[in-house]
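Asker: Quick one: structure below, then a few questions.
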Ligand code: SF4
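Residue numbers (our numbering): 5 to 406.
See below:
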């Protein structure tokens, strides 16, 4: 487990953030908030894809009114995103939102911020101080010369000071930058100065794959250092994709329990006995439909596949027109190549229902032997890629003769 930096705890609706709670996934709707049905449909889609909390823009009175209808019908807590108009923050609170996000770069009046904080405090609603490099307070921009990590952190701390002045402590902070190293540095700096929970994100990351790579690079770097309590991928894409990506990242880092499929596949090489890319994509599509929370390996050859993927719950390795189905590295069944994806899905279902021990006990008696024989044949045909015999002879020669 990754040791996490100790932070204070707060609640966004029924989702705990900080204080050692599981790192949560956030996403944001792209619908017009005033369109209640379309927005709710997207909130449900985001929750289904792994979002624990959803943010919705509250950019006018109609949006605030819509929030009053959306919040009670939402499956997850709702945060209102506020820019410029502090009155819309008050309206969103009246609508019953579970959290607010304020941008210090565009709500700059101290007394307005404090008015919102007092109201949020009375209602037990947390506030995220959401600093963004692209909309940094212009005085700080002039002072620092650029949206540097120091400038972002200073902006956050000024705003936090306003909230603390009125005894408000349910604070989350983000200091998002579109430049990955600057984003990482900003959060590191902030994390040294405060123990409020941090919301991580690379802002304006762009469309996938670049946006995904940037987001993973920034967010994962910090999470692996124990920094970060809640995350958002800001992709120029269907937000369902960002919710799914955020959830997957946390699962891959071992920060959240696996809810879905983790498909691993070898990169393929000259030894491959099958089109690994094609088989992997067929297996992924079929297994995702099943929604099984397991790690599945698709390996191009039986010579190295079962051994290399022995950590996977279940896998399939090709060889000489056959598919070798293995559980925890042990071959349990051999099927013809054209049945391999179907057999993999069938065994995956049984594995989840019956458990590893039961499925190993039900292994075909000859499966391991057939796999070993196929592996030997392939080594004979293709040669030993690891050149084990040659190496052993050389080692013996050195040991005996120096
Ligand atoms: S499992 Fe086989 S085909 Fe895949 S990369 Fe390894 S050696 Fe190559």
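We treat Cβ as the ideally placed atom computed from N, Cα and C, and that holds for glycine.
Taking DSSP as the reference, what is the three-state secondary structure of residue 31?
Answerer: It is a strand residue.
Asker: Would residue 56 be called buried (16 or more neighbouring beta carbons within 10 Å of its own) or exposed?
Answerer: When all chains shown are included, residue 56 counts as buried.
Asker: So who's on the other strand from residue 159, going by DSSP bridges?
Answerer: None; residue 159 has no bridge partner.
Asker: Would residue 201 and residue 11 be called neighbours here (beta carbons separated by less than 7 Å)?
Answerer: Cβ atoms of residue 201 and residue 11: closer than 7 Å.
Asker: How about residue 184 and residue 146: do their beta carbons lie closer than 7 Å?
Answerer: In this structure, residue 146 does not lie closer than 7 Å to residue 184 by Cβ.
Asker: Under 6 Å from any heavy atom of the ligand SF4, does the C-beta of residue 304 make it?
Answerer: Flag set: Cβ of residue 304 near the ligand SF4.
Asker: Is residue 309 near the ligand SF4, in the sense that its beta carbon is under 6 Å from a heavy atom of that ligand?
Answerer: The answer is yes for residue 309.
Asker: My parser needs the alpha helix (DSSP H) runs of 4 or more residues fully inside the stretch 211 to 253; what are they?
Answerer: Entirely contained in the stretch 211 to 253, the alpha helix (DSSP H) runs reaching 4 residues are, in chain order, 214 to 228.
Asker: Taking the Cβ atom as the reference point for each residue, do residue 111 and residue 166 lie within a distance shorter than 7 Å?
Answerer: No, the pair does not count as a contact, with Cβ atoms beyond the cut-off.
Asker: Comparing C-alpha positions only, which one of 6, 143, 352 and 209 sits nearest to residue 266?
Answerer: Selected option, being the one with the closest Cα: 352.
Asker: Is there at least one non-hydrogen atom of the ligand SF4 closer than 6 Å to the beta-carbon of residue 275?
Answerer: Residue 275 Cβ: within cutoff of the ligand SF4.
Asker: Am I right that residue 159 and residue 141 are in contact with their C-beta atoms under 8 Å? What's the rounded C-beta distance?
Answerer: Between residue 141 and residue 159 the Cβ distance is about 5 Å, and since that is below 8 Å, they are a contact.
Asker: Are residue 467 and residue 371 close, meaning C-beta to C-beta below 7 Å?
Answerer: Nothing can be reported for residue 467: it is not among the residues displayed for the chain, which extend from 5 to 406.
Asker: Applying the criterion that 16 or more other CB atoms from any shown protein chain within 10 Å of the CB defines a buried residue, is residue 318 buried or exposed?
Answerer: The residue in question, residue 318, is buried, as its Cβ has 16 or more Cβ neighbours within 10 Å.
Asker: Per DSSP, what are the beta-bridge partners of residue 178 in this structure?
Answerer: Its beta-bridge partners are 134.
Asker: Any heavy atom of the ligand SF4 closer than 6 Å to the Cβ of residue 270?
Answerer: Yes.
Asker: Any idea which residues DSSP pairs residue 15 with across the strands?
Answerer: Looking at the DSSP assignment, residue 15 forms a beta bridge with 20.
Asker: If you count every other CB in all the chains shown that lies within 10 Å of the CB of residue 405, and 16 or more means buried, which is it?
Answerer: Answer is exposed; the Cβ neighbour count stays below 16.
Asker: Pull up the distance between the alpha-carbon of residue 103 and that of residue 349, whole angstroms please.
Answerer: Each residue's alpha carbon lies about 42 Å from the other.
Asker: Which of the three DSSP states is assigned to residue 303 in this structure?
Answerer: Here residue 303 sits in strand by DSSP.
Asker: Give me the DSSP bridge partner(s) of residue 104.
Answerer: BP columns for residue 104 point to 84 and 131.
Asker: With a threshold of 16 other CB atoms inside 10 Å of the CB of residue 385, please say whether the residue is buried or exposed.
Answerer: Burial call: exposed.
Asker: Three-state secondary structure (DSSP) at residue 368?
Answerer: Looking at residue 368 - three-state DSSP - the assignment turns out to be coil, as it is neither helix nor strand.
Asker: For residue 258, which residues does DSSP report across the bridge?
Answerer: None, per the DSSP bridge assignment.
Asker: Cβ of residue 243 within 7 Å of Cβ of residue 31?
Answerer: For residue 243 and residue 31, yes; Cβs fall inside 7 Å.
Asker: With a 10 Å radius around its C-beta and 16 neighbouring C-beta atoms as the bar for buried, classify residue 237 as buried or exposed.
Answerer: Counting Cβ neighbours within 10 Å, residue 237 comes out buried, since at least 16 surround it.
Asker: One question on the structure: do residue 204 and residue 223 come within less than 7 Å of each other, judged by their Cβ atoms?
Answerer: Contact: yes.
Asker: Along the chain, where does the alpha helix (DSSP H) containing residue 46 start, and where does it finish?
Answerer: It spans 40 to 52 - the alpha helix (DSSP H) in which residue 46 sits, taken as one unbroken run.
Asker: From residue 95 to residue 316, what distance separates their C-alpha atoms?
Answerer: Approximately 50 Å, taken between the alpha carbons.
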